[in-house]
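Read left to right, the sequence shown gives residues -14 to 110 (the working numbering).
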Amino acid sequence: MSEQNGNQKMVVVCNGDTPANIMPTLIFASSGVALDNEVHVFVCPAGARWTLKGELEKLGQPKGLPDPVGLFNTILDFGGEVVLCELALENKGIDPKDLRDERILIQKAPPFLMDVAGAELTFTF
């Protein structure tokens, strides 16, 4: 078994609105950037509320788990990419100015899939 150290393209998809969806998304993505992977997070409309100002704060810090706000910031601060599916804008009534960070990209699924083609690691929560 060979040991691989970072520099892999990693995709994490969040397709749900519960802590059981967002916490593993944030933990895996922040762990990926910490390991020097090229991390791409895609947030489907079902998980879109977590990209809005104040929503991660409402989650608080689940017992025994890291702070979700800190995890989210780590992903972006260390070069990870967070993409909100463009369909969420109309589907969930989201105004881009309400996103929690201006670094969140809005993109349709096909261009995102083209950008992450060849990803070595893929996780969906």
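Glycine included, C-beta positions come from ideal geometry on N, C-alpha and C.
Would you give the residue range spanned by the alpha helix (DSSP H) that Thr10 belongs to?
4 to 19
Report the rounded CA-to-CA distance for Asp100 versus Leu74, giving the unit in angstroms.
Approximately 21 Å, taken between the alpha carbons.
Looking at Leu69 and Gln(-7), is the spacing between their C-beta atoms short of 8 Å?
no
Do Phe97 and Phe13 have their C-beta atoms closer together than 8 Å?
no
Quick check on Glu105: does DSSP put it in helix, strand or coil?
coil
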